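Remarks on the structure that follows.
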Amino acid sequence: GNSVTQMEGPVTLSEEAFLTINCTYTATGYPSLFWYVQYPGEGLQLLLKATKADDKGSNKGFEATYRKETTSFHLEKGSVQVSDSAVYFCALSAPRAGSYQLTFGKGTKLSVIP
Amino acid sequence: DSGVTQTPKHLITATGQRVTLRCSPRSGDLSVYWYQQSLDQGLQFLIQYYNGEERAKGNILERFSAQQFPDLHSELNLSSLELGDSALYFCASSVGGSGIPYNEQFFGPGTRLTVL
Numbered sequence: 116g117n118s119v120t121q122m123e124g125p126v127t128l129s130e131e132a133f134l135t136i137n138c139t140y141t142a143t144g145y146p147s148l149f150w151y152v153q154y155p156g157e158g159l160q161l162l163l164k165a166t167k168a169d170d171k172g173s174n175k176g177f178e179a180t181y182r183k184e185t186t187s188f189h190l191e192k193g194s195v196q197v198s199d200s201a202v203y204f205c206a207l208s209a210p211r212a213g214s215y216q217l218t219f220g221k222g223t224k225l226s227v228i229p
Numbered sequence: 008d009s010g011v012t013q014t015p016k017h018l019i020t021a022t023g024q025r026v027t028l029r030c031s032p033r034s035g036d037l038s039v040y041w042y043q044q045s046l047d048q049g050l051q052f053l054i055q056y057y058n059g060e061e062r063a064k065g066n067i068l069e070r071f072s073a074q075q076f077p078d079l080h081s082e083l084n085l086s087s088l089e090l091g092d093s094a095l096y097f098c099a100s101s102v103g104g105s106g107i108p109y110n111e112q113f114f115g116p117g118t119r120l121t122v123l
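Written out as structure tokens, the structure is:
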């Protein structure tokens, strides 16, 4: 079946540090890949997506590239801010019979300190 | 604000009881997905409805059931509750359909269920 493995935190960084959160996946077919962010007490928000190999998703300074050869979709940001403190989830969707259910990694909690 | 609403926000109940969680999708979205977020299992897909019909099932227990009504809102029914059912339950909605590479899902704020 489909699965997502991401580095488990927590990750604590100082403001303006470089962020990488690793994510690898296993899936049949050609999945779409996503990063979701969950701020404290809130639901999940889509941060960025990539729907085919070599696509780069980007949003709010975050980037991730869909690497089919390494089955990876690592999240990066060049300079984190305190407001980036949240839990980040890597996810995939491999459509089957019209369903686009998401398979999530376990989440990585990021804390950014001033 | 994603446009997806869930009620109630919090629910505290006892073992053996039955509860109903409600979800209203974004205007125009035909698909509703239910997910469970727990400390030990992480985020897991439970079930999906599309335009009133069940489309896909994930790791949903037999004690749990769902339905989607003609106005497209959905309800998740949890019965014979156990301590281990304590979790955050999210619903998400999307336009739905098939034949497209992906279907962005918009998540509600969740219902936190505590079983004592």
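Going line by line, the protein sequences match chains A and B. Here the numbering used here is used: the first residue of the first sequence is 116, the next is one more, and so on. Here the numbering used here is used: the first residue of the second sequence is 8, the next is one more, and so on. No residue lacks a Cβ here, since even glycine has one placed at the ideal position from N, Cα and C. Computed from a predicted structure; not experimentally measured.
Using three-state DSSP, classify B/Val102 as helix, strand or coil. As a first step, residue 102 of chain B must be located in the second sequence, where it is residue number 95. DSSP places B/Val102 in coil when its eight states are reduced to three.
Report yes if the C-beta distance between A/Leu190 and A/Gly124 is below 9 Å; otherwise report no. Indexing the first sequence from 1 puts residue 190 of chain A at position 75. Indexing the first sequence from 1 puts residue 124 of chain A at position 9. Cβ distance not < 9 Å, so A/Leu190 and A/Gly124 don't count as in contact.
List, in order along the chain, the chain A residues whose C-beta lies closer than 8 Å to that of B/Phe97? Position 90 of the second sequence, counting from 1, holds the residue named residue 97 of chain B. Within chain A, the residues near B/Phe97 are Gly158 and Leu159.
Distance cutoff 9 Å, beta carbons only. Does A/Tyr181 sit that close to anything in chain B? Here residue 181 of chain A corresponds to residue number 66 of the first sequence, with the count starting at 1. For A/Tyr181, the answer is no, since every Cβ of chain B falls outside 9 Å of its Cβ.
Could you check whether the segment 70 to 87 of chain B touches the segment 186 to 206 of chain A, counting it as contact only if at least three pairs of C-beta atoms, one from each stretch, sit closer than 8 Å? In short, these stretches do not touch, since the Cβ pair count stays below three.
Tell me whether B/Ala94 is buried or exposed, calling it buried when 16 or more other Cβ atoms sit within 10 Å of its Cβ. Indexing the second sequence from 1 puts residue 94 of chain B at position 87. Classification of B/Ala94: buried, given that the 10 Å Cβ count is 16 or more.
C-alpha gap between B/Asn110 and A/Tyr215, whole angstroms: Locating residue 110 of chain B in the second sequence gives position 103, counting from the first residue. Locating residue 215 of chain A in the first sequence gives position 100, counting from the first residue. The C-alpha of A/Tyr215 is placed about 6 Å away from the C-alpha of B/Asn110.
Taking all protein chains shown into account, decide if B/Asp92 is buried (16 or more other Cβ within 10 angstroms of its Cβ) or exposed. To locate residue 92 of chain B, count along the second sequence from 1; it is residue 85. So B/Asp92 ends up on the buried side.
Less than 8 Å between C-beta atoms, sequence neighbours within five positions excluded: which residues of the same chain meet that for A/Ile228? For the purposes of this step, residue 228 of chain A is identified with residue 113 of the first sequence, where counting begins at 1. The answer, listed in chain order, is Thr127, Leu128, Ser129, Glu130 and Val197.
Among the candidates A/Glu184, A/Leu161 and A/Lys192, whose CA atom is the shortest distance from the CA of A/Phe133? On the first sequence, position 18 is the one that residue 133 of chain A refers to. When C-alpha distances from A/Phe133 are compared across A/Glu184, A/Leu161 and A/Lys192, the shortest belongs to A/Lys192.
For B/Leu120, tell me which candidate among B/Thr22, B/Ser34, B/Leu18 and B/Phe52 has the shortest Cα-Cα distance. Start at 1 with the first residue of the second sequence, and residue 120 of chain B comes out as number 113. Comparing Cα positions, the closest option is B/Leu18.
Using 9 Å as the threshold, is the C-beta distance between A/Leu217 and B/Tyr40 below it? The count along the first sequence starts at 1 and reaches residue 217 of chain A at position 102. The count along the second sequence starts at 1 and reaches residue 40 of chain B at position 33. In contact: A/Leu217 and B/Tyr40 (Cβ atoms closer than 9 Å).
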